[in-house]
Each structure stands twice: as C-alpha cells, then as structure tokens.
Amino acid sequence: MIQDYFSLFQLPERFALDLGALEGAYRHVQAQVHPDRFAHRSEVERRVAMQWATHANEAYRALRNPVERARYLLERRGTTIDAERNTGMSHAFLMQQMAWREAVEEAAGDVAALRRLEKDLLRDEGVMLDDLQHALDDASDNTQAAELVRRLMFMEKLRSEIDDAIAQLED
Amino acid sequence: MALLQLSEPGESPAPHTRRLAVGIDLGTTNSLVATVRHSLTECLPDEQGRALLPSVVRYAKGSVTVGADALAVQAQDPRNTIASVKRLMGRGLADADPAMRARFDLADAGGMVRIKTVAGEKSPVEVSAEILKVLRARAEETLDGELVGAVITVPAYFDDAQRQATKDAARVAGLNVLRLLNEPTAAAIAYGLDEGAEGVYAVFDLGGGTFDFSVLRLSKGVFEVMATSGDSALGGDDFDEALAQWLHAETRGADLDCGSHRALLAEARRVKEALTASATVTAEVPLLGGGKRDIGVSATHFHALTKPLIERCFSPVKKALRDAGLKAPDIEAVVLVGGATRMPHLRDAVQAFFGRTPHTDIDPDKVVAIGAAIQANVLAGNRRADEDWLLLDVIPLSLGLETMGGLVERIITRNSTIPVAKAQEFTTYKDGQTAMAINVVQGERDLVSECRALARFELRGIPPMAAGAARIRVTFQVDADGLLSVSAREQTSGVEASVSVKPSYGLSDDEITAMLKAGAEHATADMQERALREQQVEADRLVDATRQALAADAALLSAEERSAIDQAIDALRTLRQGEDHLAIKAGIEALSRATADFAARRMDQAIRNALTGSRIDNLPV
Chain D
296 MIQDYFSLFQ LPERFALDLG ALEGAYRHVQ AQVHPDRFAH RSEVERRVAM
346 QWATHANEAY RALRNPVERA RYLLERRGTT IDAERNTGMS HAFLMQQMAW
396 REAVEEAAGD VAALRRLEKD LLRDEGVMLD DLQHALDDAS DNTQAAELVR
446 RLMFMEKLRS EIDDAIAQLE D
Chain R
11 MALLQLSEPG ESPAPHTRRL AVGIDLGTTN SLVATVRHSL TECLPDEQGR
61 ALLPSVVRYA KGSVTVGADA LAVQAQDPRN TIASVKRLMG RGLADADPAM
111 RARFDLADAG GMVRIKTVAG EKSPVEVSAE ILKVLRARAE ETLDGELVGA
161 VITVPAYFDD AQRQATKDAA RVAGLNVLRL LNEPTAAAIA YGLDEGAEGV
211 YAVFDLGGGT FDFSVLRLSK GVFEVMATSG DSALGGDDFD EALAQWLHAE
261 TRGADLDCGS HRALLAEARR VKEALTASAT VTAEVPLLGG GKRDIGVSAT
311 HFHALTKPLI ERCFSPVKKA LRDAGLKAPD IEAVVLVGGA TRMPHLRDAV
361 QAFFGRTPHT DIDPDKVVAI GAAIQANVLA GNRRADEDWL LLDVIPLSLG
411 LETMGGLVER IITRNSTIPV AKAQEFTTYK DGQTAMAINV VQGERDLVSE
461 CRALARFELR GIPPMAAGAA RIRVTFQVDA DGLLSVSARE QTSGVEASVS
511 VKPSYGLSDD EITAMLKAGA EHATADMQER ALREQQVEAD RLVDATRQAL
561 AADAALLSAE ERSAIDQAID ALRTLRQGED HLAIKAGIEA LSRATADFAA
611 RRMDQAIRNA LTGSRIDNLP V
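In order, the protein sequences belong to chains D and R. Start counting the first sequence at 296; every next residue gets the next number (my numbering). Start counting the second sequence at 11; every next residue gets the next number (my numbering).
Below you can see the structure in the form of structure tokens.
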C-alpha cells in the first residue's frame, strides 16, 4: 500500500491544491484498484483490491476538504490538532464565537436571516483559508495553522447547524 | 481460488472463453434475468415468451410452484402462496410490514421472521431462493452453460441485514454473487451507457415495495453516486392496498377472509394499472361468501386517494438533494424506474418538482435488470477494450456503535463512497478482561432504540491486562456490496482478537448450509464424474498458475514459505491422480491457503507498479 495520501495521488505535499487534478488522480487510482476490476479473480486478490480502494476513498475524502487536508498535513509534520483538549484559541476569536452563537439564536426561525449569516460565515472562512494556506505553504508556521484549523472546525460546525435549521424550516 | 495470473503475451493460461454472467432484478412484484449476448443486452424470457417472473412462490406438500402459476392460485391458497416476500427480507417479526403480517402466518424465530406454510416454516431467504433458482435455470437453459456468477440488484436503501439476506438467498440458490448492485445505480448504467450521457442525473425508482432516489454524476466514464435515499417500505403495493381498502369500505362488507382479500388486492392492482390509460374503470369487488359488486373508480378519485403516498416520496428526494449539495434545478435529467412510475399522477408530481419531463425511454420494468446484466458482464471479465467505465457507489445509511446510555456514536456516515473503513480504539474496563461486545446499529437517529440493530460483535482472546491498559483497535469495513465486516487487534501485544458475529436478523452459516443440503438433489454417478473432472481441471490450473507465479516472483518469498508452497503443490499433484473429488478439492484449498500471502503480496506489488507508472507489460486487469 502507498500510505501517504499525496504520494498515492502523485501530488505535491502542500496545502494549495488543484481540485480538478485531485479528482482526476483519484479516478485514475480507482480505475486501477477498484474491486469491480477484480470481481472474477481470487478471494485474495479481491481483498487486496478492496483494501486499496478503501484507502483511496479515505485519501480522497481527506484531501478534498481543506480543513481535513490541513489536519493531515499538520499530522505529517508532527502537530496534532487535539480539538477536544486544546481550546487555546485567541480571546478575540472566543468573543467572535459568542457573537456568532448569539446571531444564530436571533435568526432562529427566519430562513432569510439564517442564509445571510451563512454567507457571512463563508466569507470569513474564505479569509481564514487564505491565511491557512500562507501559514502552511509559505511561513511553515504550524502553530498558527493549527489554531486556524481549530477555528475553521468551529465555523464548519456552526454552518452545518445553520444548514440543518434551514432544512427543517423549509420542510 | 485462483492465484494472480500473469500470462506472457500469446501464452494464455486458459483458452479465452466467454464467461456466462447474468443480472437479476429480484423484485417485490416481479423478477427478471438479463444477460449480454453478442453485444446486446436482453431480458431472457421463459418458454412462453414472458420476461417477467411474478415474485410469487406457492408451497404445497412436496412441491413448490413459482411465478405466474403460483400467482394464479393465490386467492384459493393465500396462506401458502407467498407474494412480496422482499418486504420481509432481513426483518424480524416485530418490524415486519403490517400488511404482510395480515396476509401470512408469520412466526418469530428469534432473528429473521419465518412464514408458516403447509411445507413447514420458511425463511424469506428460502422463498427468495426459490425465485432465484427459477431464474438461474432459465438462464442456464437459454445460454446453454453454467453461470460464473450473477449481479443481483437490491434497493439502494436496503440496510445491511436486507443486503445480507439477499446474498444468502443467492447462495442457497447456488448462484455466485459477483456484486450486489443498487437498483437506481443499475438503471443509471443502462441509461448512461445507452445514451452516452454526461452530467448530474437523478433516478426515481418506485418499485412494488420499495422506493429509492439516487443522485449520480456521470462524467468521463465514471458513474459516481453522490447521494441516495429512500423508503424501504413504500411501493406500488401500497397504492393497491389503499385502493383495496377504499373499495372494501364502499361495499360496507364484513371483514374479508384471507383469500377474498388477496382477490380484492389483485383487482385493485388491475384497476390501478387500467387507470394509467382510462379516466374511469369499473372495479369488480369480490364479496364475502361469493358474488361481486361493480364500483366505478375515476382516475381523479384514485389520485386523491393516493396523494399522501406520492407526497411520502418527496421527503427522501429532498434529503438526497441536500446530502448531494444540490437543488432540484441542478438535476439535468430524471429517470423513472419501476412499474409504479407508470402512474400518471406520479409522473406529474415528479415533473412538477424538477421542472422537467422525466425520461422513460427504457422499459421501467426491465431497466434495472439490463443495467445489472451490463455490470455482470464486465465483472465476469468480459470487458471489451472500449468498455472502460467505473462505478463508485455509496452506503445508504450511517453505521454507528451503541455507547453508554443507549446513544449512538456514528462511525461511518451515510453516502460515503464504498468500500469504506473506519477504525476505532476501545479499552477494557476491568482487570484481566479478555472479551468485549460491540453492538452495531444502522440509521440516522441518535438513540439506539430508533436505529436498526445490525449485529452484536463479540471480541475474544484479548490478552489479560490491567483495566484500561488494553488498546483494542476495531476496524469496521464496508465492502463494495455495502456489507459490513469487523476485525479487531490488541495494539500493545499485536494479538488478533477473534470476532464472532451475531447478526440481529440474518441467518447463521449453519442454517444456510442446512438449506443448501435440503435443496441439493441426490447426487448421481454422472454428477460425481463431472465433479471429479471439474476438480482435476481446477487443480491443474492452480498448479500451473502457482508455478508461473513462482517463476516470476520467487523473490517475494522466504525459504520457509517457498518450501510450504512446494509441499502443497506436490500434495495436490498426488491427490489429483486419485478419484476422490472431495480430496482434490481439499488439496486445492490447502494450496490456496499456502499461497494466500504470496498472492496478496504479488497483487499489492502489481497495483503499486501500476500506480507509480513503472508499468509492467503483463499487468493484470
């Protein structure tokens, strides 16, 4: 097995990633390893194919999502995110979190307001992703990157809660 | 078991022969078998030219009737004539469909429900196997040869227990399952390859007893399922039932007996079908104690009566779109599958929701079997050079573990591309603890009681340690059929824990073996002779393949491993000279076991070489 996700897809190990190239590489790998290619072969071969295909799916899933990709890069550099224990986020961001939580509560029941909030979150996430790319690819500042990943994880979670609320209101 | 076969150019280990494979749509109402012949995909008809086999099995003392003949007598012998058995696959008595409970004598057998018949208690797996046996015989007669395997379709929304039950039914029917294929995905293959389509497709599949909705992206020869959703207890049957209830209420009749109820259901189905072409149809409602009453049914009235059922379809539709991150207008084409999609008010509802006319070019009754046949042909190894497409499907329901307080901890989320695996670490809570149990559930709810219990896995052989010291890594693997398996290893000692599975609704291996034995015809001398020849051919093939593999890659083996393989080869060659086909079979299995690691290493090396570009000329695939 080629363990490392970037080597598996023959892509450079960095945060900036051409999603089209990733998708093409993923399809190329699956075309070689998918169990459907080996369905008429021995049990051993089918098992090995399944392990490779499972690994390729996991690698694709992790690299496709920018936050997961950053976590993976940091893990390879020996920095763990440890989101549950390490809550050492900046004071400013904690205040920001509270403000957002309040905004979500205020918007409860109002689809238009929730959508506006979602848009604001996405915009801020965009800025943070740019910072993350700089921290990982240019500055090699793993501590800063880990902090940004923890923030982004909060943002993603909040956005998925808003999504759920919108879906419930629209149903 | 074949070793990885690396053949030199022009030196094929076996003469190239076409391998017979079929696609089977094992439906709630009807079943079909299809195959690819001379580059054409066709559904195989019976001797009377009928492609559709009614999924009805009648048990009598000493005989079993399947199909139209069974369907014809269901009103006379309703309790022994099993229809819509698909609704009971992988279900316990408590979660069996109420309509099915009213129609049949169901019995609790601990796990999967049993149906009481004059021929004894039957598992839904056995009943389904009877249908599969008829289709297998039809295919083998028509194609004049033995099948290497079959692709069997299942509703995309089938859970693990329902999938496993389907696979078990195939085993009991003597079919080698190349793959369980999701029905909407099969339909997408049939359409996609037929029309060379690209873009985002939705498949709306309302069958006799199940509803599936899938969103797929087709591009550059890849069929990628983005999301799937559905209702495994909603289908055309429910429209019949709704109409039958109304007709019965109209007659103000007494409660119907079982036979009259089945006759009424059959009449309701006829009326429903006739209403797709007429504005009004006269129903001849059977009355208890004989006689009939005519009741006019207008299409408008039928549509109003069944509107709630149609509305039920759109909740899964919305869920799948949301999971795929899409809105209705993003869907470039909608394909209708399943006989129930012939109903005009359903078509109108689909058209209104998506704002475009749905595709119905391929017969909605046959499209699933056709897609399955195309996939079977490829999986059997008959892929043509230009037939270069790939299918990436998903798991329909999340898998989770029971944790403290009856809560579910999600380990694999729905719509993950399969195969998929997730590892989780557990520890012991008592000193010297050597075993632990893990309950796996399937569903989207947070409470265990609101999900489907799938299986209880018991891990044994954990080395005794202080409480909390053991680190047991449990891997949950979902294969390309969407089926779960579990393995466990204690990390600090490297000890492999044994995992025994108690499926909550499945059958044990022993039960399946018993069914296989019960079904096996008495072995004749001819069959003995044939079995011996087959085993001899297989033994020769395996010895040849192993020798070729050794010649190419002996470097992958230690001296000990090499000598174990050499011994197994010699043992098999000796056995092959004898007349005992079972002994030869055992020898083949022994050699396969001896070469398993070697074969895995070679396969791994071949894939690695293929991916890193240093292609070797004789690469498999």
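By construction, the Cβ of each residue, glycine as well, lies at the ideal position given by its N, Cα and C atoms.
Neighbourhood of residue i by C-beta distance below 8 Å, restricted to the same chain and skipping five residues each side
i: K282 (chain R); result: G246, F249, D250, L253, F312 and M353
i: A569 (chain R); result: none
i: I320 (chain R); result: H355, L356 and A359
i: P211 (chain R); result: The displayed chain sequence assigns Tyr, not Pro, to residue 211 (chain R). Cβ within range, chain order: A198, Y201, G202, V225, L226, R227, L228, I341, E342, A343, V344 and V345.
i: R28 (chain R); result: N392
Proximal residues to residue i (C-beta, below 6 Å), its chain only, five neighbours per side dropped
i: V291 (chain R); result: V281, A284, L285 and V307
i: G209 (chain R); result: E342
i: S409 (chain R); result: A small fix is needed here, since residue 409 (chain R) is Leu in this sequence, not Ser. Excluding residues within five positions, the ones whose Cβ falls inside 6 Å are I421, I422 and Q452.
i: D563 (chain R); result: R612
i: K329 (chain R); result: S239
i: N449 (chain R); result: E412 and R466
Proximal chain D residues relative to residue i, where beta-carbon distance stays under 8 Å
i: D489 (chain R); result: P330 and M345
i: A180 (chain R); result: Within 8 Å Cβ-Cβ: nothing; A180 (chain R) doesn't reach chain D, min ~14 Å.
Local conformation of residue i per DSSP, three classes
i: Y201 (chain R); result: helix
i: S495 (chain R); result: strand
i: F436 (chain R); result: strand
i: K595 (chain R); result: helix
i: F221 (chain R); result: strand
i: T91 (chain R); result: strand
i: D466 (chain D); result: coil
i: N392 (chain R); result: helix
i: F608 (chain R); result: helix
i: D458 (chain D); result: helix
i: V6 (chain R); result: One cannot answer for residue 6 (chain R) here, as it falls past the ends of chain R, which runs 11 to 631.
i: R309 (chain D); result: coil
i: S602 (chain R); result: helix
i: L54 (chain R); result: coil
i: D415 (chain D); result: helix
Under 8 Å by beta carbon: chain R residues contacting residue i
i: Q327 (chain D); result: I617, A620, L621 and V631
i: S455 (chain D); result: Those do not exist, as S455 (chain D) stays about 11 Å from chain R at its closest Cβ, beyond 8 Å.
i: N352 (chain D); result: S426, T427, I428, P429 and V430
i: V324 (chain D); result: L621
i: D466 (chain D); result: S325 and K328
Residue i: contacting residues in chain R (beta-carbon distance under 7 Å)
i: A348 (chain D); result: P429
Proximal chain D residues relative to residue i, where beta-carbon distance stays under 9 Å
i: G391 (chain R); result: A334, H335 and R336
Cβ neighbours of residue i in the same chain (closer than 7 Å, five flanking residues each side left out)
i: V187 (chain R); result: G159, A160, I162, K177 and A180
i: P474 (chain R); result: G442 and T444
i: R625 (chain R); result: Per-residue confidence for R625 (chain R) stands at a pLDDT of 43, beneath the threshold of 50, marking its modelled position as unreliable; the derived number appears in the next sentence. For R625 (chain R), where only same-chain residues beyond five positions count, the Cβ hits under 7 Å are N619.
i: F168 (chain R); result: S242
i: E136 (chain R); result: V182 and M525
i: V235 (chain R); result: T195, S224, L226, L402, D403 and V404
Within chain D, the residues that residue i reaches when beta carbons sit closer than 7 Å
i: R332 (chain R); result: A462
Closer than 7 Å to chain B by CB, residue i
i: L400 (chain R); result: Absence of chain B from the displayed structure is noted, the protein chains being D and R.
Amino acids of chain R, ordered along the chain, whose beta-carbon sits closer than 9 Å to that of residue i
i: M296 (chain D); result: D614, I617 and R618
What residues in the segment 607-622 of chain R bring their beta carbon closer than 7 Å to a beta carbon of chain D?
A609, A610, M613, D614, I617, R618, A620 and L621
Interfacial residues, the segment 429-440 of chain R to chain D, with Cβ spacing under 8 Å
P429, V430 and A431
Hey, which unbroken runs of the beta strand (DSSP E) at 3 residues or more fall wholly within the segment 223-294 of chain R?
232-241
Closer than 8 Å, Cβ to Cβ, to anything on chain R: give me those residues from the segment 395-416 of chain D, in chain order.
none
Residues, ordered as in the chain, of the segment 135-160 of chain R that lie near chain D by beta-carbon distance below 8 Å
V158 and G159
Quick check for students: name the residue ranges of the alpha helix (DSSP H) that lie wholly in the segment 348-407 of chain D, counting only runs of 4 or more.
361-371 and 386-402
With 7 Å as the C-beta to C-beta threshold (strictly closer), list the residues of the segment 226-256 of chain R near chain D in chain order.
V232
Whole runs of the alpha helix (DSSP H) within the segment 125-204 of chain R, excluding any shorter than 4 residues
134-153 and 170-182
Can you check the segment 306-377 of chain R for any alpha helix (DSSP H) of at least 4 residues that lies completely inside it and give the ranges in chain order?
309-315, 317-333 and 354-364
Jot down the residue ranges of each uninterrupted beta strand (DSSP E) in the segment 442-519 of chain R, minimum 3 residues, whole runs only, in chain order.
446-452, 462-470, 482-488, 494-500 and 506-513
Short of 9 Å Cβ to Cβ, which residues in the segment 182-193 of chain R face chain D?
L188 and R189
Fully enclosed by the segment 562-587 of chain R, which alpha helix (DSSP H) runs are 4 residues long or longer?
569-586
Near-chain D residues of the segment 317-347 of chain R - C-beta to any C-beta below 8 Å:
S325, K328 and R332
Cβ-based contacts, 9 Å cut-off: residues of the segment 368-379 of chain D near chain R:
none
Between the segment 27-38 of chain R and chain D, which residues of the former have a C-beta closer than 9 Å to a C-beta of the latter?
R29 and A31
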